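First the structure, in the form of structure tokens, and then the observations on it.
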Amino acid sequence: MPLLEIRNLKVEFETASGPFKALDGVDYTVDSGEVLAIVGESGSGKSVAMLALMGLLPDTATVTVDKMEFEGRDITKLSATDRRQVIGKDISMIFQEPIASLNPCFTVGFQIGEALKVHTDLSSSDRSRRVIELLEAVGIPEPKGRLSSFPHQMSGGQCQRVMIAMAIACQPKLLIADEPTTALDVTIQKQILDLLLKLQEESGMGLIMITHDMGVVAETADRVVVQYQGRQMEESDVLTLFESPKHPYTKALLSALPENATGDRLPTVSDFREFLESEAKKVSA
């Protein structure tokens, strides 16, 4: 039995110009200890899918799904109370742009401690000790002194580490990392990816990595789902994807990598847009 199984997930938003279909029948399966990468350009529905799983989409969204099970439990049939026990504890998410995700009015120590307060029976003193352990685990220097720091007093990389500490506070069985290296310099990106993989290997949790960066996919993933305009184009193990991609969109993504450049100009996905649009119409037909 997989850790997470989602079948035929569809999400539609009501907009001023009419309904907009953000996801059109995507499937995901993740096992314990597995790293699944969901890759595609902006607007392909990667984040929307995970927000639907977390129950964090706005009221303007209509979500339909044939199956959404975590450890064999149908998430869609859980009460609000039971779902909160799963989301945030057993399933946790690292959101994009950590500075925007952290509350500027509260210290990082308080914000990490809140997750422990909601989902554990730890006393106040034990929570403080656990927060220090978490900050140390994610590589924050002088963790005890950072308990009283506010997000604006920390760098982008440190705030991302705080977000990771919050996400792993309750030892989740599934961690979702949504573009975890966005807006970070290359050195910090490598440190964050290494940290996530280290935590994943030590705990045996499943990890879903949302990204548009094929380099990140190559470094982290066991299996890959490729999305385009809300549809699932291809799914395979990471080695097969890079060695023999099947779908034209996957080939377009890979051809845009610097190491695959064959001429004076590096191709982009836009160069394949007309062809991809025709392929998408064939799929929808």
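Sequence positions in the sequence shown follow our numbering and run 2 to 286.
We put the CB at the ideal spot given by N, CA and C, even for glycine.
Here the structure is a predicted model, which is why all the values come from computation and not from measurement.
Residue i: first and last residue of the uninterrupted beta strand (DSSP E) it sits in
{"i": "S172", "result": "Here the sequence assigns Gln to residue 172, which means Ser is not the residue at that position. No beta strand (DSSP E) holds Q172; DSSP gives it neither H nor E."}
{"i": "I92", "result": "92 to 95"}
{"i": "M234", "result": "232 to 238"}
Selection from the options that minimises the alpha carbon distance to residue i
{"i": "Q230", "options": "G46, T251, L136", "result": "G46"}
{"i": "P20", "options": "T61, I113, L4", "result": "T61"}
{"i": "D287", "options": "M155, M167, I189, H213", "result": "Residue 287 falls outside the range modelled here, since the chain spans only 2 to 286, and no answer is possible."}
{"i": "R224", "options": "V239, V66, G110", "result": "V239"}
{"i": "E6", "options": "T30, G89, E15", "result": "T30"}
{"i": "V114", "options": "A219, M155, A168", "result": "Just to set this straight, residue 114 is Gly in the shown sequence, not Val. It is A168."}
{"i": "S80", "options": "V226, G56, F107", "result": "G56"}
{"i": "E98", "options": "G157, I193, I88", "result": "G157"}
{"i": "A38", "options": "L255, G140, Q154, E236", "result": "E236"}
{"i": "L10", "options": "M2, V27, S18, L4", "result": "V27"}
{"i": "R162", "options": "K145, E137, G146", "result": "E137"}
{"i": "V36", "options": "V226, A53, F243", "result": "V226"}
{"i": "F14", "options": "K145, A53, P3", "result": "A53"}
{"i": "R85", "options": "L103, I100, V119, G73", "result": "V119"}
{"i": "M210", "options": "D25, S48, R8", "result": "S48"}
{"i": "A222", "options": "P246, K145, L194, R232", "result": "L194"}
Length of the line joining the Cα atoms of residue i and residue j
{"i": "E70", "j": "D83", "result": "14 Å"}
{"i": "S285", "j": "L58", "result": "Any reading at S285 is ruled out, since the residue's pLDDT is 47, under 50, leaving its predicted position unreliable."}
{"i": "L135", "j": "V217", "result": "24 Å"}
{"i": "A23", "j": "S33", "result": "28 Å"}
{"i": "V109", "j": "L200", "result": "20 Å"}
{"i": "S234", "j": "P152", "result": "The question names Ser, but residue 234 in the sequence shown is Met. C-alpha separation (whole angstroms): 39 Å."}
{"i": "F96", "j": "L197", "result": "14 Å"}
{"i": "L241", "j": "G41", "result": "Rather than Leu, the amino acid found at residue 241 in this sequence is Thr. If I take the Cα positions, the gap works out to 17 Å."}
{"i": "L208", "j": "T16", "result": "32 Å"}
{"i": "F107", "j": "L148", "result": "10 Å"}
{"i": "T63", "j": "G44", "result": "17 Å"}
{"i": "I92", "j": "T183", "result": "22 Å"}
{"i": "D186", "j": "M51", "result": "25 Å"}
{"i": "E143", "j": "A253", "result": "45 Å"}
{"i": "P246", "j": "S256", "result": "11 Å"}
{"i": "R130", "j": "S124", "result": "10 Å"}
Cross-strand partners of residue i (DSSP beta bridge)
{"i": "K68", "result": "R8"}
{"i": "K22", "result": "E13"}
{"i": "R224", "result": "L37, D238"}
{"i": "A50", "result": "Bridge partners of A50: none, in fact."}
{"i": "T30", "result": "E6"}
{"i": "R74", "result": "F71"}
{"i": "A166", "result": "Note: A166 sits in no beta bridge, so no partner."}
The alpha helix (DSSP H) enclosing residue i, as first and last residue numbers
{"i": "Q192", "result": "187 to 204"}
{"i": "I133", "result": "125 to 138"}
{"i": "G207", "result": "First-last for G207: 207 to 212, but that is the beta strand (DSSP E), not the alpha helix (DSSP H)."}
{"i": "H120", "result": "109 to 120"}
{"i": "K145", "result": "144 to 147"}
{"i": "L57", "result": "No alpha helix (DSSP H) holds L57; DSSP gives it neither H nor E."}
{"i": "Q86", "result": "81 to 87"}
{"i": "I100", "result": "99 to 102"}
{"i": "T251", "result": "249 to 256"}
Evaluate contact between the region 201 to 211 and the region 156 to 175, counting only Cβ atoms and requiring at least three cross-stretch pairs below 8 Å.
They touch, by the three-pair rule.
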